[in-house]
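Asks: So the sequence lines, in the order shown, correspond to chains A and B.
As numbered in this note's numbering, residues 1080 to 1195 make up the first sequence, in order.
As numbered in this note's numbering, residues 4 to 112 make up the second sequence, in order.
The beta carbon of each residue, even a glycine, is placed where N, CA and C say it ideally should be.
Note that this is a predicted model, so its numbers are computed, not measured.
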Amino acid sequence: GEEVAQTPKHLVRGEGQKAKLYCAPIKGHSYVFWYQQVLKNEFKFLISFQNENVFDETGMPKERFSAKCLPNSPCSLEIQATKLEDSAVYFCASSQLTPGGDYEQYFGPGTRLTVT
Amino acid sequence: EDQVTQSPEALRLQEGESSSLNCSYTVSGLRGLFWYRQDPGKGPEFLFTLYSAGEEKEKERLKATLTKKESFLHITAPKPEDSATYLCAVRNNFNKFYFGSGTKLNVKP
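#1: Just to confirm the assignment, what range does the beta strand (DSSP E) spanning B:ASN96 have?
#2: At the level of alpha carbons, what is the spacing between A:ALA1098 and A:LEU1149?
#3: Can you confirm whether B:THR8, when its beta carbon is compared against all beta carbons of chain A, has any partner nearer than 8 angstroms?
#4: What residues of chain B sit near A:GLN1184, judged by a beta carbon separation below 7 angstroms?
#5: List the endpoints of the continuous beta strand (DSSP E) containing B:GLU59.
#6: Verify the CB distance criterion: does A:PRO1188 have a CB-CB separation below 8 angstroms to chain B?
#7: Taking the DSSP output, what are the residues bridged to B:GLU73?
#8: Going by beta-carbon coordinates alone, are A:SER1173 and A:VAL1091 separated by less than 8 angstroms?
#9: Any C-beta of chain B within less than 9 angstroms: which residues of the stretch 1119-1153 of chain A qualify?
#10: Whose Cβ in chain E lies nearer than 9 angstroms to the Cβ of B:THR70?
#11: At a CB-CB cut-off below 8 angstroms, which residues of chain B make contact with A:ASP1181?
#12: Would you report the Cα separation of A:PRO1153 and B:SER21, rounded to the nearest angstrom?
#13: Does DSSP classify A:LEU1192 as helix, strand or coil?
#14: Just curious, the beta strand (DSSP E) that B:GLY35 is in, first and last residue?
#15: Please list, in chain order, all residues of the same chain as A:GLU1131 whose beta carbon is under 7 angstroms from its beta carbon, the five residues on each side excluded.
#16: Check the C-beta distance from B:VAL110 over to B:TYR28 and give it rounded, since I have them as a contact under 8 angstroms.
#17: Using 10 angstroms around the beta-carbon of B:VAL30, count the other beta-carbons present and answer buried if the total reaches 16, otherwise exposed.
#18: Based on DSSP bridge pairs, tell me the residues matched to A:THR1086.
#19: If the criterion is Cβ atoms closer than 8 angstroms, does the pair B:LEU65 and B:LEU50 meet it?
#20: State the DSSP-derived secondary structure class of A:GLU1081, mapped to helix, strand or coil.
#21: Whole-angstrom Cβ separation of A:TRP1113 and A:ALA1167, contact assumed at under 8 angstroms?
#22: By how many angstroms is the C-alpha of B:PHE75 removed from the C-alpha of B:GLY57?
#23: B:ASN25 versus chain A: which residues are under 7 angstroms apart at the beta carbon?
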C-alpha cells in the first residue's frame, strides 16, 4: 500500500498487562522505524529494521520491549508487563533508501497506548 | 550529545502574516535535516530534507533553509490550513535520528 498502516488505533491496558502493536510498512520500503511520542511532542527512537533484520535497537528498553519484522507479516512492537510511563503514542515509519543515500521516513497514524 | 531544539514552542499568526520557525541542532556529522508537519491525532508528514549548509527547498508557502548550526522554516502568507505542529529532525553519522519538540503554529483567519 501507499500508506503506513498501524493497528490498533487505541489500546488500553492495565499495569502489568502485555501490549502488542502492529505496523504494515509501505510496499517496497525495506526500513521500518518505531518511535515513542510522549508529552510535548518528544519523539524517542526505539528500534529500526532493515527488512527482517534489526538495524538499530539502541533506543529499546530491552527488559520489557521487543519487536519483530517477519517476512509477509506486519511488523510488531510488544511490551511485556506495561507500566504507567509506557503511556504514549507509538509511531511506525517506513523508508526506502533514496538514491542520495538517505531515509525519507513516512509515518503511520500511530497507536495510542494508555496504561491504567 | 546530539540534540535538536526548536523555537518558538508555539506561534500564533494572522492569515497572511509571514514568519519563520527555527531549528537549532548539535550533531556529530549531519547526514540530513528533516522537516515534518504533524496534524493533531496523526503521524508526521514529510516535508523536506536538507543536506548541506546553504541548501534551500520550497513547497507552496514553505521554504526551508540550512546553515551549519540551524535551519529555518519560512512560511510566506500563511493560511489557516497551515496550522499544525512542525517538527525538525536530524540524522547523524551513525544513522541515528533526533527530533525536536516541535513548533505549534496557529494561523487565525
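Replies: According to the structure data:
#1: Counting along the chain, B:ASN96 falls outside any beta strand (DSSP E), and DSSP gives it neither H nor E.
#2: 18 angstroms
#3: no
#4: PHE49
#5: 59-62
#6: yes
#7: B:SER27
#8: no
#9: LYS1119, ASN1120, GLU1121, PHE1122, LYS1123, PHE1124, SER1127, PHE1134, ASP1135, THR1137, GLY1138
#10: The chain inventory of the structure shown lacks chain E, comprising the protein chains A and B.
#11: ARG34, GLY35, THR52, TYR54, ARG94
#12: 43 angstroms
#13: strand
#14: 35-41
#15: CYS1148, LEU1149, PRO1150
#16: Contact flag wrong, Cβ pair sits at about 26 angstroms.
#17: buried
#18: A:TYR1101
#19: yes
#20: coil
#21: Between A:ALA1167 and A:TRP1113 the Cβ distance is about 11 angstroms, and since that is not below 8 angstroms, they are no contact.
#22: 11 angstroms
#23: Those within 7 angstroms of B:ASN25 in chain A number zero; the least Cβ separation is about 15 angstroms.
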